[in-house]
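Colleague: In our numbering, the protein residues as written are 66 to 746. Every residue gets a Cβ at the ideal spot worked out from N, C-alpha and C, and that includes glycine.
(1) Just to confirm the assignment, what range does the alpha helix (DSSP H) spanning residue 93 have?
(2) Starting from the Cα of residue 114, find the closest Cα among 406, 713, 545 and give me that residue.
(3) What whole-angstrom Cβ distance do residue 698 and residue 684 have, given they're in contact under 8 Å?
(4) Do residue 539 and residue 488 have their CB atoms nearer than 8 Å?
(5) Return yes when the Cβ of residue 470 is within less than 8 Å of the Cβ of residue 169, no when it is not.
(6) Answer yes if the region 118-134 comes into contact with the region 288-299, meaning at least three C-beta pairs across the two stretches below 8 Å, and no otherwise.
(7) Report back the beta-carbon spacing between residue 192 and residue 109 to the nearest angstrom; my notes put them in contact at under 8 Å.
(8) For residue 695, which of helix, strand or coil comes out of DSSP?
(9) Which residues bound the alpha helix (DSSP H) around residue 128?
(10) How far does the alpha helix (DSSP H) with residue 225 in it reach, from first residue to last?
(11) Would you report the Cα separation of residue 390 and residue 307, rounded to the nearest angstrom?
(12) With a cut-off of 8 Å, do at least 3 Cβ pairs link the region 630-646 to the region 715-722?
(13) Could you give the distance in angstroms between the alpha-carbon of residue 740 and the alpha-carbon of residue 702?
(14) Flag this pair as touching only if the region 455-462 and the region 493-506 have three or more C-beta atom pairs under 8 Å; answer yes or no.
(15) Can you tell me whether residue 67 is buried or exposed? The criterion is at least 16 other CB atoms within 10 Å of its CB, across all chains shown.
(16) By DSSP, does residue 589 sit in helix, in strand, or in coil?
(17) Return the CA-CA distance between residue 526 and residue 222, expressed in angstroms with no decimal places.
(18) By DSSP, does residue 598 sit in helix, in strand, or in coil?
(19) Can you tell which of 164, 195, 159 has its C-alpha closest to the C-alpha of residue 184?
(20) Give the DSSP-derived three-state secondary structure of residue 412 in the structure shown.
(21) By Cβ distance below 8 Å, which residues in the same chain neighbour residue 97 in space, the five residues on each side in sequence not counted?
(22) For a test of the three-state rule: what should DSSP assign to residue 422, helix, strand or coil?
(23) Helix, strand or coil, according to DSSP, for residue 724 in the structure here?
(24) Using only alpha-carbon positions, find the residue among 567, 304, 587, 513 that is nearest to residue 555.
(25) Using a Cβ distance threshold of 8 Å, determine whether the region 296-305 contacts the region 131-138, with at least three qualifying pairs required.
(26) For residue 473, which three-state DSSP category applies?
(27) Look at residue 261 and residue 253 and say whether their C-beta atoms are less than 8 Å apart.
(28) Secondary structure at residue 615, three-state DSSP: helix, strand or coil?
(29) Below 8 Å on the Cβ atoms is my contact criterion, and I expect residue 322 with residue 650 to pass it. Report the Cβ-Cβ distance as a whole number of Å.
(30) Return helix, strand or coil for residue 67, following the three-state DSSP convention.
(31) What distance in whole Å lies between the Cβ atoms of residue 283 and residue 314, which are believed to be in contact at a cut-off of 8 Å?
(32) So residue 154 and residue 199 are supposed to be a Cβ contact under 8 Å. How far apart are they, rounded?
(33) What ranges does the alpha helix (DSSP H) occupy inside the region 239-286, keeping only unbroken runs of at least 4 residues that lie completely in it?
(34) What first and last residue would you give for the alpha helix (DSSP H) that runs through residue 191?
(35) Thinking C-alpha only, which one of 672, 641, 141 is nearest residue 211?
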């Protein structure tokens, strides 16, 4: 409550601007909806509220487009459903429940919140249209269906357009600015992690805390990268730069694991040359992390890269590990150079970053199925209550909980409990403010639009102040949406002024959110162990086919990003963090296999018969380690490939470096299998 009071009585400047923009957008939406004589103009208000979640222009434009597209699709489906099933209301409710479940399941297959919102709007718009028609069966005909659908779609589109216009015209905030802050943050976090990983005194907890921070920030960069493309002619270039930045952060995380685990777990393999190399890298990364000067940082990386190249030329190492790790060190400096250039490209155009692909959302059909079933259950419970009571207020039990069910589906259960409790508190406050303040004043007014807007401005301003802060956002959301429905601003306020309507609607909203709370508790979805196993199984499939793509490293990175984020979230409660370590190992293995194939094909062309068997053995050894087991199959495949290379190329430094790579990977599998097995005990 301390944060709530602070946001209300000591708000930040940006929060006040955010609230003012929201008030202007909602005033415009309500005015337009009333001028067009739309039946329920408060849906335009609700539409404008949802678009205020993130105030950046690009995000508002993207969400407005998603909302409009989803609304149109939902409206068309509602019309088609009623055209064929209006005489069969129970069948229509069943098909509608299935449509809601499908959209909810599909929303679980995308990562960006705006795209999730598009599926939510496709579901809820059709739901509103169908239920509004079925609530008045005596007047239901084809013309009534079309009129209701047109009104609902128009109301939501008006709210979307007004929010987009206000976001662009009044105190505009750019996604590019927040993206630059996030990019700077993730680069600094990555550099600090590189230093910590190479520091012998670095703790296990500190390393994983930094990994969690990097993945969380990288998730925000990935989510915002699509929206920045709507901000002017440089927008698409900024999107590609953000994608490239995310790619290189993942590559650096994959590479630095090699050094860190080696010096922590296998000190007997650390030669003076490798110790000197790690000290040089750690000092350089530390200086870069401490500096705010971009040119200085880039110069430091160039110097480090030149030093490593000279060292490799002037030192012929006979130790396989040394040769392999010198190559890895050079690759780290190369990736860091591109990372810094990607950051610069967020401010300036860089034509060399044109082909950087975006991160790919991990799609688990099982998780989507559970989310879809959960939304259907929420709707069907509300439908049973509505059919059993015949109360029009019971419609709210079906509408708002479905929206929240889709929007909140991907939150962890512990966080979800807190969010839903805060939503309920917001609903209670909305009821009190609507009855004691807004409706009381409006009932005594002359019904003028100006008075209506002035009376509503204060409550909405308070709700928007809470919406601005992520910690208090559920309070604001639980207040603004129910308040809009309870007051139902329109030309004819007779329904809202009826106390039985207000109280019954308030009880329905509260009951709907409460039902949602318990449904989330009862239908929790697959266990964490099953979800982790499915992610590792999918990663196993990717390791088998990684080298079948034109740009294998980029292809693998974009598929691993969301999986890493999910796995680190699943694993944050454990002490060993074995799942996170294995996820980072998986990221490294993809890069290792790509690098090995490139080296082997440069040495011996594509005639190596044992290379494909080695790739299969690598993937199978990883899957076996994810189950806490290890055998000698990978070691045998590695020896076979090594001897074939010896026969073709002789005992060269590159072949010896490959042998060092095999030794390091085999040690990693043994260690990972042991850690996973211990965690299962």
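Modeller: Taking the definition as stated:
(1) On the chain shown, residue 93 is found 28 positions in, with the first residue counted as 1. 78-100 is the extent of the alpha helix (DSSP H) around residue 93.
(2) Here residue 114 corresponds to residue number 49 of the chain shown, with the count starting at 1. Per the Cα distances, 545.
(3) For the purposes of this step, residue 698 is identified with residue 633 of the chain shown, where counting begins at 1. For the purposes of this step, residue 684 is identified with residue 619 of the chain shown, where counting begins at 1. 11 Å between Cβ atoms; not a contact.
(4) Sequence index remark: in the chain shown, residue 539 carries index 474 (1-based). Sequence index remark: in the chain shown, residue 488 carries index 423 (1-based). Yes. Within cutoff.
(5) Working through the chain shown from its first residue, we reach residue 169 at position 104. Working through the chain shown from its first residue, we reach residue 470 at position 405. Yes, the pair counts as a contact, with Cβ atoms nearer than the cut-off.
(6) yes
(7) Counting from 1 along the chain shown, the entry for residue 192 is found at position 127. Counting from 1 along the chain shown, the entry for residue 109 is found at position 44. Not really, about 17 Å apart at Cβ, beyond 8 Å.
(8) As a working mapping, residue 695 is identified with position 630 in the chain shown. Looking at residue 695 - three-state DSSP - the assignment turns out to be coil, as it is neither helix nor strand.
(9) In the chain shown, counting from the first residue as 1, residue 128 sits at position 63. Looking at the DSSP string, the run of the alpha helix (DSSP H) that includes residue 128 is 122-150.
(10) Taking the first residue of the chain shown as 1, we reach residue 225 at position 160. 207-234 is the extent of the alpha helix (DSSP H) around residue 225.
(11) Residue mapping note: residue 390 aligns to position 325 of the chain shown, counting from 1. Residue mapping note: residue 307 aligns to position 242 of the chain shown, counting from 1. In a straight line, the C-alpha of residue 390 is about 29 Å away from that of residue 307.
(12) no
(13) Start at 1 with the first residue of the chain shown, and residue 740 comes out as number 675. Start at 1 with the first residue of the chain shown, and residue 702 comes out as number 637. Cα to Cα, the separation comes out at about 24 Å.
(14) no
(15) As a position in the chain shown, residue 67 is number 2, starting the count at 1. When all chains shown are included, residue 67 counts as exposed.
(16) Here residue 589 refers to the residue found at position 524 of the chain shown. Residue 589: coil per DSSP, three-state reduction.
(17) Counting from one through the chain shown, the residue named residue 526 turns up at place 461. Counting from one through the chain shown, the residue named residue 222 turns up at place 157. The alpha-carbon atoms of residue 526 and residue 222 are separated by roughly 22 Å.
(18) Your numbering for residue 598 matches position 533 in the chain shown. Three-state DSSP puts residue 598 in a helix.
(19) Here residue 184 corresponds to residue number 119 of the chain shown, with the count starting at 1. That would be 164, whose Cα lies nearest to the Cα of residue 184.
(20) Indexing the chain shown from 1 puts residue 412 at position 347. Coil.
(21) Counting from one through the chain shown, the residue named residue 97 turns up at place 32. If we look at residue 97 and ignore the five residues flanking it on each side, its Cβ neighbours are 109, 223, 227.
(22) The sequence position of residue 422 within the chain shown is 357, counting from 1. Correct three-state label for residue 422: coil.
(23) The sequence position of residue 724 within the chain shown is 659, counting from 1. Three-state DSSP puts residue 724 in a helix.
(24) Here residue 555 refers to the residue found at position 490 when the chain shown is read from its first residue. Of 567, 304, 587, 513, the residue nearest in Cα terms is 513.
(25) no
(26) To locate residue 473, count along the chain shown from 1; it is residue 408. Here residue 473 sits in coil by DSSP.
(27) On the chain shown, position 196 is the one that residue 261 refers to. On the chain shown, position 188 is the one that residue 253 refers to. Cβ distance not < 8 Å, so residue 261 and residue 253 don't count as in contact.
(28) Locating residue 615 in the chain shown gives position 550, counting from the first residue. Coil.
(29) Here residue 322 is taken as the residue at index 257 of the chain shown, counted from 1. Here residue 650 is taken as the residue at index 585 of the chain shown, counted from 1. Sure, about 7 Å apart at Cβ, within 8 Å.
(30) Sequence index remark: in the chain shown, residue 67 carries index 2 (1-based). Three-state DSSP puts residue 67 in a helix.
(31) Position 249 of the chain shown, counted from the start, is the residue given in the question as residue 314. Position 218 of the chain shown, counted from the start, is the residue given in the question as residue 283. That pair is a contact at about 6 Å.
(32) Numbered from 1 along the chain shown, position 89 holds the residue referred to as residue 154. Numbered from 1 along the chain shown, position 134 holds the residue referred to as residue 199. Between residue 199 and residue 154 the Cβ distance is about 6 Å, and since that is below 8 Å, they are a contact.
(33) 240-263
(34) For the purposes of this step, residue 191 is taken as the residue at position 126 of the chain shown. Here the alpha helix (DSSP H) through residue 191 covers 178-200.
(35) Within the chain shown, numbered from 1, the residue matching residue 211 stands at position 146. Nearest C-alpha to residue 211: 141.
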